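Numbering (this note's numbering), first residue to last: 29 to 137.
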């Protein structure tokens, strides 16, 4: 299954990102520091996990507000942050379509 993952580009301001990441991901300080200092992935999520994708999107948005530059990957391919937003929106579009289809079938019975 495909994964979405992201890194924060080292910019000398990593210390101001730590409290936000810790708060939103409930990870230890040492784990966060290691990811930031060693250019590791901050978060990794499967494309089918819509709740985690939404949480990841929120974290990315909050980090960007603090000035962080994000590199987002689908598996090993670099993608724009809009790609993540489009996946989330497509999920909800599909969910709405399926609900409408179910409602029509129920009405016909």
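Cβ coordinates follow ideal geometry from the N, Cα and C atoms, glycine included. Computed from a predicted structure; not experimentally measured.
Considering residue i, what are the terminal residues of the alpha helix (DSSP H) in which it resides?
i           : result
residue 80  : 78–93
residue 124 : 109–136
residue 58  : 57–65
residue 38  : Run containing residue 38: none; DSSP gives neither H nor E here.
residue 45  : 42–53
Could you please give me the residues that DSSP links to residue i through a beta bridge?
i           : result
residue 31  : 74
residue 105 : 102
Exposed or buried, residue i, counting other C-beta atoms within 10 Å across all chains shown (16 or more means buried)?
i           : result
residue 36  : buried
residue 39  : exposed
residue 63  : buried
residue 18  : Residue 18 is absent from the model: the chain starts at 29 and stops at 137.
residue 125 : exposed
residue 120 : exposed
residue 29  : exposed
residue 96  : buried
Is the beta carbon of residue j closer than 8 Å to that of residue i?
i           : j          : result
residue 32  : residue 91 : no
residue 34  : residue 71 : yes
residue 115 : residue 75 : yes
residue 45  : residue 94 : yes
residue 78  : residue 60 : no
At which residues does the beta strand (DSSP E) containing residue i begin and terminate?
i           : result
residue 101 : 98–102
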